[in-house]
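Residue numbers (the numbering used here): 3 to 80.
Here it is in structure tokens:
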């Protein structure tokens, strides 16, 4: 997945989540930060693994749902 906006814009990410009826939780913002940590393409398993290494507990369902929202709003490209 490729980020389409600079990673420093948590405010934009929070607005996108809110527009989808989702709260900008620490987990969701941690997912965004992890996705911003590299420009390389990664699969869900590697993202989950990297989050767990950083002691960030995110369910697979939350990760999928959050990524789908980011893609829908052109923050990421699959």
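Backbone N, C-alpha and C fix where the C-beta goes; we use that ideal spot for every residue, glycine too. No experiment lies behind these values; they were computed from the predicted model shown.
Buried or exposed: residue i, going by 16 or more other Cβ atoms within 10 Å of its Cβ?
i          : result
residue 49 : buried
residue 30 : buried
residue 68 : buried
residue 13 : exposed
Using a Cβ-Cβ cutoff of less than 6 Å, which residues in the same chain neighbour residue i once the five nearest sequence positions on both sides are dropped?
i          : result
residue 73 : 80
residue 18 : 75
Tell me the DSSP secondary structure of residue i in three-state form.
i          : result
residue 55 : helix
residue 79 : strand
residue 25 : coil
residue 61 : coil
Check for me: the alpha helix (DSSP H) holding residue i runs from which residue to which?
i          : result
residue 43 : No alpha helix (DSSP H) holds residue 43; DSSP gives it neither H nor E.
residue 18 : 12-21
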